[in-house]
Amino acid sequence: METTKNDLEHKKGNDRLAASLFAEVLIADQLSRNLISQALPRGMQISHFSVLNLLSHVNEERTPAQLAEAFHITRGAMTNTLSRLEWAGHIHIRPDWDDARRKFVSISPAGRAARDTAIASFMPVITEVVQDIGAERVRLALPVLRELRRRLDTGNQ
C-alpha cells in the first residue's frame, strides 16, 4: 500500500500530539511529586507514602511480592522500602503461618495517621487546582488518563 503525503502529515500530527501528551504527563508527574514530597512527614519518601496509601485503600494484607508487582519495582527495592516503613512503625510485617518463606504486610495505626496527615497537607492544593480547572473538565479528562494508564500498564507486562 502506498503512503500518501496526507498520510505522512497525519502521522506527523499524531507524533506531535503524542509527544505533547507525554510531555504534559511527565511535567504534571514531576510537579505533583514535588508537591507531595513537601507535604510528607519528615523522613518519609514518596515511595513510602505510596505503599501506605495502597495498604490504606485495600485495607488488607499484601505480600512484599504483591506490593513490588503493584508498583512495578524489584522485590529488593520493595524490601528496602518496607524495612524503612517498619522501622518507622508505619507497617506491621508478619510471617505467613502456612508458608514460613512468605510474609504479610499491613498498615499500622501510626502509618495510617502519617498517610492521613500527608494527604491533609496537600489535598487543599489539589482541590484548588481542580476547582480552578473546573470539575466537569476534570471529569472529562479522567477516562483518557485512565485509558493511558491502562495501556501503559499492559505494555509493561
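Per the working numbering, the sequence shown starts with residue 9, numbered consecutively.
Glycine is no exception: its CB is placed at the ideal position from the N, C-alpha and C atoms.
Could you give the residue range of the beta strand (DSSP E) that holds residue i?
i, result
"Ile-101", "99 to 103"
Which of helix, strand or coil does DSSP assign to residue i?
i, result
"Ser-114", "strand"
"Arg-109", "coil"
"Asn-67", "coil"
"Gln-46", "helix"
"Thr-135", "helix"
Tell me the rounded alpha-carbon separation between residue i and residue j.
i, j, result
"Ser-58", "Arg-102", "20 Å"
"Glu-94", "Ile-115", "9 Å"
"Ile-44", "Ala-121", "16 Å"
"Gln-46", "Lys-13", "50 Å"
"Ile-81", "Arg-154", "21 Å"
"Val-133", "Ser-40", "10 Å"
"Ser-28", "Ile-54", "26 Å"
"Ala-78", "Asp-23", "30 Å"
Can you have a look at residue i and say buried or exposed, based on whether 16 or more other CB atoms are within 10 angstroms of its CB?
i, result
"Arg-65", "Before going further, note that residue 65 is His rather than Arg in the sequence given. Burial call: exposed."
"Thr-135", "exposed"
"Met-131", "exposed"
"Ile-141", "exposed"
"Val-138", "exposed"
"Gly-84", "exposed"
"Arg-70", "buried"
"Ile-35", "exposed"
"Gln-165", "Residue placement at Gln-165 cannot be trusted, given a pLDDT of 49 that sits under 50; what the coordinates show is reported in the next sentence. Exposed."
"Arg-123", "buried"
"Gly-119", "buried"
"Thr-89", "buried"
"Val-113", "buried"
"Arg-145", "exposed"
Assuming residue i is part of the alpha helix (DSSP H), what are its boundary residues?
i, result
"Gln-74", "72 to 79"
"Thr-89", "83 to 95"
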